[in-house]
């Protein structure tokens, strides 16, 4: 199998979280047999150079084997542009588990990276200085070609990690189903209709898995009727997923999309697990 990601990017800081992210990046660089590029956004002086060298040395990385970019500017914009120009194909960052409405609306560095990076992005909720492999992979999916790429990327990642669980999760909603049945029938009929829709979705998902020829780890399928963009993330959260993989929307979000989150925006806001955004 060819390398899943050839070049990883990490914006380096000198905080405890920064040290943990560096340790995680080192493990993933070795796992993917990839190159690592560190991006330092800030003033270059004797102190920052010393801290940078110490951080790299303490992580066990060989400074001569990694690429270091020193730059200035708005952190999010600079990280996105630098990683794009350097052909990074997986950008690693950390994020708080939950943000309030005001901060979410204004946007943080991690959130902007999630939405606008040209490459795939891995957001780690709680990076550790002693990282462990990811064993539980959950993938939000549909029937698009972009989603197939997400499934294959996450599956090959899971194979490298020798994962225990790989679950494809699809949410769906039938407009007017509840009101139609409640107007002419019982709640039992509503439940029966929901179960029928779920069974039909699972059949279609099984056909997709068969076509993708995924071999090596058992693939489980779960189809959930409910609020699209929320059900899959919540399912990953309550099942303690290590990685939750998603496919980003194909167009930039409008103002109303941010005020009324849809699809991936629910995941970005709640961050149910370490988040892999595949581009």
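In the working numbering, the protein residues as written are 48 to 326.
For each residue, glycine too, the CB sits at the ideal point set by N, CA and C.
Note that the structure is predicted; figures quoted are calculated from it, not measured.
query, result
"Sub-9 Å separation of residue 264 and residue 205 beta-carbons", "yes"
"Length-filtered (3 minimum) beta strand (DSSP E) runs lying within the region 89-168", "114-118, 137-141"
"Residue 3, DSSP secondary structure in three states", "Lying outside 48 to 326, the shown extent of the chain, residue 3 is not represented and no answer is given."
"Where residue 107 falls, given that 16 or more other Cβ within 10 Å makes a residue buried", "exposed"
"Straight-line gap, residue 187 to residue 291 (C-alpha atoms, nearest Å)", "7 Å"
"Any 3 or more C-beta pairs closer than 8 Å across the region 126-141 and the region 51-60", "yes"
"CA nearest to the CA of residue 135, picked from 83, 113, 105, 73", "83"
"Under the three-state DSSP convention, the category residue 59 falls into", "coil"
"Endpoints, the beta strand (DSSP E) within which residue 187 is located", "183-187"
"Limits of the unbroken beta strand (DSSP E) element including residue 284", "Counting along the chain, residue 284 falls outside any beta strand (DSSP E), though it belongs to the alpha helix (DSSP H) covering 278-285."
"Nearest to residue 320 (by Cα), restricted to the options 76, 170, 210, 80", "170"
"Opposing strand residues paired with residue 269 [DSSP bridges]", "216"
"C-beta atoms of residue 294 and residue 185 nearer than 9 Å", "no"
"Alpha-carbon to alpha-carbon, residue 241 and residue 200", "31 Å"
"Buried versus exposed call for residue 162 [16 or more other C-beta atoms within 10 Å across all chains shown]", "buried"
"Run of the beta strand (DSSP E) containing residue 324, from where it starts to where it stops", "321-324"
"Beta carbon of residue 176 nearer than 9 Å to that of residue 70", "yes"
"Nearest candidate by alpha-carbon position, reference residue 75, set 250, 168, 297, 261", "168"
"Cα-Cα separation between residue 110 and residue 73, rounded to whole angstroms", "12 Å"
"Span separating the alpha-carbon of residue 262 from that of residue 96", "46 Å"
"Contact set for residue 191: own chain, Cβ-Cβ below 8 Å, skip 5 residues either direction", "294"
"Residue 198: first and last residue of the uninterrupted beta strand (DSSP E) it sits in", "Note, residue 198: premise wrong, no beta strand (DSSP E); alpha helix (DSSP H) at 192-208."
"Sub-9 Å separation of residue 126 and residue 156 beta-carbons", "yes"
"Residue 291 - containing beta strand (DSSP E), residue span", "290-293"
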